[in-house]
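Note that the protein sequences, when read in sequence, are chains A and B.
If you count the first sequence from 1, you need to add 21 to reach the numbering used here.
If you count the second sequence from 1, you need to add 21 to reach the numbering used here.
Glycine residues also receive a C-beta, built at the ideal position from the N, C-alpha and C atoms.
Just so you know, these numbers come straight off a predicted model, no measurement behind them.
Protein chains: 2
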Amino acid sequence: MENNFIPDIIIGRLPIYLRSLQQMNTEGRVITSSQELGERLGISPAQIRKDLSQFGGFGKQGTGYIIEYLINQLCKILKVDRVWDIVVIGAGDIGSAVARYQGFMDRGFRVAMIFDSNPEKINTSVGSFTVQSSSTMIAAIHQAGIKVAMIAVPSSQAQEVANQLIEAGIQAILNYAPITLNIPPHVRIQYIDPAIHLQRMTHYLTQGEEHPHRA
Amino acid sequence: MENNFIPDIIIGRLPIYLRSLQQMNTEGRVITSSQELGERLGISPAQIRKDLSQFGGFGKQGTGYIIEYLINQLCKILKVDRVWDIVVIGAGDIGSAVARYQGFMDRGFRVAMIFDSNPEKINTSVGSFTVQSSSTMIAAIHQAGIKVAMIAVPSSQAQEVANQLIEAGIQAILNYAPITLNIPPHVRIQYIDPAIHLQRMTHYLTQGEEHPHRA
Numbered sequence: 022m023e024n025n026f027i028p029d030i031i032i033g034r035l036p037i038y039l040r041s042l043q044q045m046n047t048e049g050r051v052i053t054s055s056q057e058l059g060e061r062l063g064i065s066p067a068q069i070r071k072d073l074s075q076f077g078g079f080g081k082q083g084t085g086y087i088i089e090y091l092i093n094q095l096c097k098i099l100k101v102d103r104v105w106d107i108v109v110i111g112a113g114d115i116g117s118a119v120a121r122y123q124g125f126m127d128r129g130f131r132v133a134m135i136f137d138s139n140p141e142k143i144n145t146s147v148g149s150f151t152v153q154s155s156s157t158m159i160a161a162i163h164q165a166g167i168k169v170a171m172i173a174v175p176s177s178q179a180q181e182v183a184n185q186l187i188e189a190g191i192q193a194i195l196n197y198a199p200i201t202l203n204i205p206p207h208v209r210i211q212y213i214d215p216a217i218h219l220q221r222m223t224h225y226l227t228q229g230e231e232h233p234h235r236a
Numbered sequence: 022m023e024n025n026f027i028p029d030i031i032i033g034r035l036p037i038y039l040r041s042l043q044q045m046n047t048e049g050r051v052i053t054s055s056q057e058l059g060e061r062l063g064i065s066p067a068q069i070r071k072d073l074s075q076f077g078g079f080g081k082q083g084t085g086y087i088i089e090y091l092i093n094q095l096c097k098i099l100k101v102d103r104v105w106d107i108v109v110i111g112a113g114d115i116g117s118a119v120a121r122y123q124g125f126m127d128r129g130f131r132v133a134m135i136f137d138s139n140p141e142k143i144n145t146s147v148g149s150f151t152v153q154s155s156s157t158m159i160a161a162i163h164q165a166g167i168k169v170a171m172i173a174v175p176s177s178q179a180q181e182v183a184n185q186l187i188e189a190g191i192q193a194i195l196n197y198a199p200i201t202l203n204i205p206p207h208v209r210i211q212y213i214d215p216a217i218h219l220q221r222m223t224h225y226l227t228q229g230e231e232h233p234h235r236a
């Protein structure tokens, strides 16, 4: 199954399905349907059935999906049926918040190390971690065999940090710095930039335009 | 121009173009091309030209785009040629980090208020803000005419907070709680959930699979 090519647009929706199914599981639910999932997620039931049928189909028409089985299958496809160590680069507000976040563990991830280049931050505590010096980063990541990193440094430093991470063997980067990075094709990258998300919505705000302050 | 319908998928790419153009502007650049933008962003130049041609086209074949002019036009389309006040709900790690973040102002946004329901957090300081009680939230938002909110509360409280925000007149929500919210059609919502982004990438990690710990 894992050798079959699955279009990236479908892979992109699977974590959304998984999150909702895990929520249902927490609520004690056993069975769901593409209709119910669709209503929760604002995605058409036909789309959900089509996406899930890529993997041989987990449900039968009329009987619905067994939530726990579907969770297990999606975790396997997404390879989060294990726990991936993550390194966090940057011990500022965002890096620290991410390192302390308790919600990764049951979704396949565990923060393992946090690095910063600022001498005032090195050796300080962030949650249960001690901030390590960036100068030791490449060797530490390489030795631990870590493949996943989060960049939470200022934009001006993000590309250099990314280059070092890739040299250290990192294959997946979640970048919080508000800048597009130049990454070789064998490395995956995802971006989190709240201003981008906000700017996607303001175009549609039509009422109350008398309120905002002209820049 | 603002009355013309622009497909949402194009609106979604414009903030990415804008961020890159503002970066170029900071670097002192005056003119760019769809080729250069495309290389920076990993988007095809043809796509960029097509997207920008939706608005009458800002550049001429062979002469490129005047960066400052393009920035101004994109800001108008996205309605970030003004500064929108934002409310932040939840003064935990993420809410506090967002409230202190200095990078919103020159991208069209300003955090105006932060609320929390925890008596231990109310009246404490977060950056230059004093955390206000959630009990006053609806009235305060309504009175200030604020349209944009960020939710940074635990998943279990997020739907109730969203309902209150919508009652208060909020039209755009950036939700950091890892749960899909039920929102009426006239309200826009965007999600930030780092685990979702990470799970989009792990499917592709094939090397080093001996390293991760089996859950």
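Taking the alpha-carbon positions, what's the residue i to residue j distance?
i	j	result
Phe150 (chain B)	Ile187 (chain A)	39 Å
Ile210 (chain A)	Ser55 (chain A)	30 Å
Arg50 (chain A)	Asn196 (chain B)	25 Å
Ser118 (chain B)	Gln164 (chain B)	Note that residue 118 (chain B) is Ala in the sequence shown here, rather than Ser. So the two alpha carbons sit approximately 25 Å from each other.
Cys96 (chain B)	Glu60 (chain B)	22 Å
Asn93 (chain A)	Gly85 (chain A)	16 Å
Phe26 (chain B)	Ala160 (chain A)	52 Å
Val101 (chain B)	Glu48 (chain A)	40 Å
Arg221 (chain B)	Pro206 (chain A)	16 Å
Ile31 (chain A)	Ala183 (chain A)	27 Å
Ala193 (chain B)	Thr157 (chain A)	42 Å
Pro175 (chain A)	Val169 (chain B)	25 Å
Phe125 (chain A)	Ile37 (chain B)	27 Å
Ile135 (chain A)	Ile110 (chain A)	6 Å
Ile69 (chain B)	Met45 (chain B)	16 Å
Leu62 (chain A)	Gln185 (chain B)	20 Å
His218 (chain A)	Leu226 (chain A)	14 Å
Ser65 (chain B)	Ile204 (chain A)	16 Å
Ile143 (chain A)	Leu42 (chain B)	34 Å
Arg121 (chain B)	Gly148 (chain B)	5 Å
Asp106 (chain A)	His224 (chain B)	15 Å
Ile98 (chain B)	Thr201 (chain A)	22 Å
Val108 (chain B)	Ser154 (chain A)	36 Å
Ile87 (chain B)	Gln178 (chain B)	47 Å
Ile162 (chain A)	Leu35 (chain B)	36 Å
Ser74 (chain B)	Ile52 (chain B)	17 Å
Gly190 (chain B)	Val208 (chain B)	9 Å
Gln123 (chain B)	Asp214 (chain A)	13 Å
Asp114 (chain A)	Glu181 (chain A)	20 Å
Ile167 (chain B)	Arg103 (chain B)	14 Å
Arg266 (chain A)	Leu58 (chain A)	Residue 266 (chain A) falls outside the range modelled here, since chain A spans only 22 to 236, and no answer is possible.
Leu39 (chain B)	Asn139 (chain A)	30 Å
Met171 (chain A)	Gly33 (chain A)	19 Å
Note the first and the last residue of the continuous alpha helix (DSSP H) segment covering residue i.
i	result
Ile31 (chain A)	29-47
Asp106 (chain A)	First-last for Asp106 (chain A): 103-110, but that is the beta strand (DSSP E), not the alpha helix (DSSP H).
Arg50 (chain A)	Note, Arg50 (chain A): premise wrong, no alpha helix (DSSP H); not H, not E.
Ala90 (chain B)	The sequence shown places Tyr at residue 90 (chain B), not Ala. First-last of the alpha helix (DSSP H) with Tyr90 (chain B): 88-99.
Ser55 (chain A)	55-62
Asp72 (chain A)	66-74
Thr223 (chain B)	215-223
Note down, in chain order, every chain B residue with its Cβ under 9 Å from the Cβ of residue i.
i	result
Ile200 (chain A)	Arg40, Ser41, Gln44
Leu62 (chain A)	Thr201
Name, in chain order, the residues that DSSP records as bridge partners for residue i.
i	result
Arg209 (chain A)	A:Ala193
Gly116 (chain B)	DSSP, once it has assigned bridges, lists no residue as partnering Gly116 (chain B).
Could you work out which residues of chain B lie near residue i, taking near to mean beta carbons separated by less than 7 Å?
i	result
Met222 (chain A)	Ala193, Arg209, Gln211
Pro36 (chain A)	Ile217, Gln220, Arg221
Gly124 (chain A)	Pro199, Ala216
Ile32 (chain A)	Arg221, His224
Who are the neighbours of residue i on chain A, taking C-beta pairs under 7 Å?
i	result
Lys100 (chain B)	Thr223, His224, Leu226
Ala118 (chain B)	Asp114, Ile115, Ala118
Arg70 (chain B)	What Arg70 (chain B) touches in chain A: nothing, since even the nearest Cβ is about 18 Å away.
Below 8 Å on C-beta distance, what does residue i contact in chain B?
i	result
Gly129 (chain A)	Ala216, Leu219, Gln220, Thr223, Ala236
Val169 (chain A)	Leu219, Met222, Thr223, Leu226
So which residues on chain A does residue i lean against when the C-beta distance must stay under 9 Å?
i	result
Arg50 (chain B)	Neighbours of Arg50 (chain B) on chain A: none; closest Cβ ~15 Å, over 9 Å.
Leu186 (chain B)	Neighbours of Leu186 (chain B) on chain A: none; closest Cβ ~13 Å, over 9 Å.
Just to check, is the beta-carbon of residue i closer than 6 Å to a non-hydrogen atom of the ligand ATP?
i	result
Gln220 (chain A)	Looking for the ligand ATP in the displayed structure turns up nothing, as the structure carries no ligands at all.
What ranges does the beta strand (DSSP E) occupy inside the stretch 118-205 of chain B, keeping only unbroken runs of at least 3 residues that lie completely in it?
List check, beta strand (DSSP E) in window: 130-137, 169-172, 193-196.
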